[in-house]
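J.:
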Amino acid sequence: MNPLSEIRARFSTTLSGMVDESDNLLAMIRPAGDSKFGDYQANCAMPLGKQLGRSPREIASEICESVQLDDLCQKVEIAGPGFINLTIDDAWLKRGLTAALVDDRLGVTRVSEPKTFVIDYSSPNVAKPMHVGHVRSTFIGDAISKVLRFVGHTAISDNHLGDWGTQFGMIIYGYKNFLDEAAYQQEPVAELGRLYKYVRKLMDYHAAAKRLPELQAAQEELKGKQTDLESTDSQGDKKAEKQLKKQLRQLRSKMEDQAEAVAGLEAKILEVTSDPELEKDAVAHPNINQNAQLETAALHEGDATNQGLWEEFLPLCRQDMQKIYDRLDIKFDYELGESFYHNELANVVSDLTDKGYTKESDGAICVFLDNHNAPMIIQKRDGAYLYSTTDLATIQYRMEKWNADACLYVVDHRQSEHFEKLFDVARLWGFDEVELAHVAFGTVMGPDGKPYKTRSGDTVGLSGLLDEAENRALEIATNQNPELTEDRHREIANVIGIGGLKYADLSHNRGSDYEFSYEKMLALRGNTATYLQYSYARVQGILRRTEADVDAIRTNPGEFIFENDVERQLGLKLIRFGEALDEVLVEYKPNVLCNYLFELSQLFAQFFDKCSVKDANSEDLKKSRLQLCDLTARTIRGGLELLGIGVLDKM
RNA sequence: GCCCCGAUAGCUCAGCUGGAUAGAGCAAUUGACUUCUAAUCAAUAGGUCGCAGGUUCGAAUCCUGCUCGGGGUGCCA
């Protein structure tokens, strides 16, 4: 039991005796903002005073008298307008630490009402190389799943692969037209990748060639508008002048965007025209865009050839993708891709239609929603289904198969509108008990503050990114400890390289965009995975040097002694691990756990500096410090494990 | 046009279901290694929390308006 939930439990009866709804008042009990006020503070007396029309301080003292805190808090004070400041009793704290020390779960209790969560994350398109954008979904989803499981919930992770979409039409088209048979025999995945990129280039070329004149015309139009605006005389009217300036500014930014778009198109065109072979094929395949789409349609309609090719390609692509997951040490319980649901799509539409929720509009089958202007389209005019249809089929499956209490979608925040509609339709359809949540995340930015791209404007491939992270980590490891063997260096590089990447991502608030930087990710100082891993390794160093018997420490603990204030602070932090995990799950934010582990490591570093274990001035003190060390190491390791990050005994 | 999100130290970011003097890391300056790992610690400096109003005992946090930026917006995913 962590202190916060214990305090809340004690306050609960008193508060619920005073008002009908006490949950929000309990939420106002929190860690103290400033340690000089104690360890925790209860802020509920102020709103309560207002609600009951009495003095907050009076209420506060009434609460303090009624709540049984004798054994839990050594100091309870009322301050300011009516804050109740609580200081945890040292004896209680020490008992908690002992309980954590002897417990494999570090004293974290399981939830009393376990629920079943389905977490949908990663979900890349197979056959397209994974890129930096997949990183966030994968890491965040994995961390949330692990935390859910640790606190006692059932978490079913499901990688909703894009294995049925247009990219297969493209590969099939490539296979039928541009296959290098020998290469395919030798390295099928590489050849399929090449075909995808080749067809992509040709399609982009034709699309760009078609779009470019339109864009250029639009550009001219804007230029004309600019000239008009510039020659407009505001005739001294300040308001009009301001308006004019604003319009001009907006126009310029629009023109910049357009210039960028034109440059992008020109680059796509140049890529083809600068390569004679590509250019030849571009000329020979003028309708490649439509034809690739036809291949997709044929696949979806069960065309035997395309179906056969898809069945041949899919395992190959998945194997390739698996290599990345292996490097990242990410596993899924299920990988039910879009193809898994394709036979259900017609039923989804007919069922919704039978129940009277759909409406035909411009030939498409739609579900109109009160709070959205645009409907959710579930079947296109040409009869094809959309990903909204698949998503509905997926919800239905997850409810029928797992009877989920909650489905979490760890997906880019740009799709928030899609999910709002999806959830609305699902509830309308009858799935109104389940918690449906879009766990949205922001974009990974480059150093220019724009979405992270390579210099040529392509998204950054994930396998190259991992290589780079590990190579840089290897260099650091080699420089830092030249005496170790190369194998050791590689092992260290793997753990700090991949760990650094994960931590850099997870330590940011998931909702925000963040700027990606190898330097910061692997920095030797600061709030990084390395810092936490280093703290862990230092503990292991202490345990080695003092020849401590950790099994004995854990099975036969001695008393905890707080000689130095930092020992108490470290101890308090340690028994608050469970609080951090609870907090992570309130809004599904792994960065809360990162912050906790960072603060824990900082306290340990202070402890390390001030409190020698080896030279402790009594055996009892030494034992107490060893216990703090062991618990610190296990908490850091356990916490990092939940984030999918490894540790090293030496680094 | 409409909808959503953001703006916090020089930089990168926490904090946002209202709480006491707004935090961290980096960068800058200073100090600490014959000491359990200096991949560390200690200290200094750095802020009109985009602007203007409002709500109240109390606002970075809630509301309104504005400025700037990003994203989305019926048949892509």
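Quick note on this note's numbering: the first sequence kicks off at 90 and runs consecutively.
Backbone N, C-alpha and C define an ideal beta-carbon position, used for all residues, glycine too.
#1: Would you call the CB atoms of Leu-632 and Cys-718 closer than 8 Å?
#2: Looking only at its own chain, which residues have a Cβ that is under 7 Å from the Cβ of Gly-546, when we skip the five neighbours before and after it?
#3: Using the C-alpha atoms, what's the distance from Val-200 back to Gly-519?
#4: Check the DSSP bridge columns for Gln-130 and list the partner residues they point to.
#5: Could you check what DSSP says for Ile-233 in three-state terms: helix, strand or coil?
#6: Any idea which residues DSSP pairs Met-534 with across the strands?
#7: Would you mind stating whether Tyr-287 and Phe-267 have Cβ atoms separated by less than 8 Å?
#8: Which of the three DSSP states, helix, strand or coil, is assigned to Ala-705?
#9: Is the region 426 to 433 in contact with the region 603 to 610, if contact means three or more CB pairs nearer than 8 Å?
#10: Does DSSP put Ser-450 in a helix, a strand or coil?
#11: Taking only the alpha-carbon atoms, compute the straight-line gap between Leu-720 and Asp-738 and give it to the nearest angstrom.
#12: Apply the 10 Å Cβ neighbour rule to Ala-279 and answer buried if 16 or more other Cβ atoms are within range, or exposed otherwise.
#13: Distance check for Met-488 and Gly-282, CA to CA, integer angstroms please.
#14: Are the Cβ atoms of Gln-716 and Phe-649 separated by less than 8 Å?
#15: Which residue comes first and which comes last in the beta strand (DSSP E) that contains Tyr-498?
#16: From Gly-82 to Lys-217, what distance separates their C-alpha atoms?
#17: If I follow the unbroken alpha helix (DSSP H) through Ala-244, where does it start and stop?
#18: Taking the CB atoms as reference points, tell me whether Thr-176 and Gln-157 lie closer together than 8 Å.
#19: In angstroms with no decimal places, state the Cα-to-Cα distance between Tyr-210 and Ala-116.
#20: Use the C-beta contact count for Ser-707: other C-beta atoms within 10 angstroms, 16 or more gives buried, fewer gives exposed.
#21: May I have the straight-line CA-CA distance separating Lys-539 from Thr-548, to the nearest angstrom?
#22: When you compare each of Leu-237, Glu-360 and Tyr-273 to Arg-289 by their alpha carbons, which one comes out closest?
#23: What does the alpha-carbon distance come out to for the pair Ser-601 and Gly-196?
#24: Roughly how far, in whole angstroms, is the beta-carbon of Asp-418 from the beta-carbon of Gly-222, given that I think they are within contact range, below 8 Å?
#25: What whole-angstrom Cβ distance do Leu-403 and Asp-252 have, given they're in contact under 8 Å?
#26: Assign Arg-90 to buried or exposed, taking buried as 16 or more other Cβ atoms, counted over all protein chains shown, within 10 Å of its Cβ.
#27: Could you compute how far the alpha carbon of Asn-645 sits from the alpha carbon of Asp-192?
#28: Could you round the C-beta distance between Ser-477 and Leu-511 to whole angstroms and report it? I think they count as a contact, below 8 Å.
#29: Within 10 angstroms of the Cβ of Asn-395, are there 16 or more other Cβ atoms? Answer buried if so, exposed if not.
#30: Where are the beta strand (DSSP E) runs, 3 residues long or more, that stay fully inside the region 158 to 205, in chain order?
#31: Is the beta carbon of Leu-659 closer than 8 Å to that of Phe-693?
#32: Check whether the Cβ atoms of Asp-556 and Arg-225 lie closer than 8 Å to each other.
#33: Using 10 angstroms around the beta-carbon of Ile-680, count the other beta-carbons present and answer buried if the total reaches 16, otherwise exposed.
#34: Of the choices Ser-450, Asp-471 and Asp-521, whose alpha-carbon is the least far from that of Gln-485?
#35: Would you call Pro-213 buried or exposed, if buried means 16 or more other Cβ atoms sit within 10 Å of its Cβ?
#36: Would you mind sorting Leu-731 into buried or exposed? The rule is 16 or more other CB atoms within 10 Å of its CB.
T.: Considering the structure as presented:
#1: yes
#2: Non-local beta-carbon contacts of Gly-546 in its own chain, meaning distances under 7 Å to residues more than five positions away in sequence, involve Gly-353 and Ala-356 in chain order.
#3: 28 Å
#4: Arg-119 and Asn-174
#5: helix
#6: Pro-540 and Glu-604
#7: yes
#8: In the structure shown, the three-state DSSP call for Ala-705 is coil.
#9: no
#10: strand
#11: 15 Å
#12: exposed
#13: Their Cα atoms are separated by approximately 36 Å.
#14: yes
#15: 495 to 501
#16: Residue 82 is absent from the model: the chain starts at 90 and stops at 740.
#17: Where Ala-244 is concerned, there is no enclosing alpha helix (DSSP H), although the beta strand (DSSP E) it sits in stretches over 243 to 247.
#18: At the C-beta level, Thr-176 and Gln-157 stay beyond 8 Å of one another.
#19: 30 Å
#20: exposed
#21: 12 Å
#22: For Arg-289, the closest of Leu-237, Glu-360 and Tyr-273 by C-alpha to C-alpha distance is Glu-360.
#23: Taking the Cα positions, Ser-601 is about 32 Å away from Gly-196.
#24: Incorrect: roughly 20 Å between the Cβ atoms, too far for contact.
#25: 6 Å
#26: Note that residue 90 is Met in the sequence shown here, rather than Arg. Under this definition Met-90 is an exposed residue.
#27: 12 Å
#28: 6 Å
#29: buried
#30: 162 to 168 and 172 to 177
#31: yes
#32: no
#33: The sequence given here has Asn at residue 680, not Ile. Looking at its Cβ environment, which holds 16 or more other Cβ atoms inside 10 Å, Asn-680 is buried.
#34: Asp-521
#35: By the neighbour-count rule (16 or more Cβ atoms within 10 Å), Pro-213 is buried.
#36: With 16 or more other Cβ atoms within 10 Å, it is buried.
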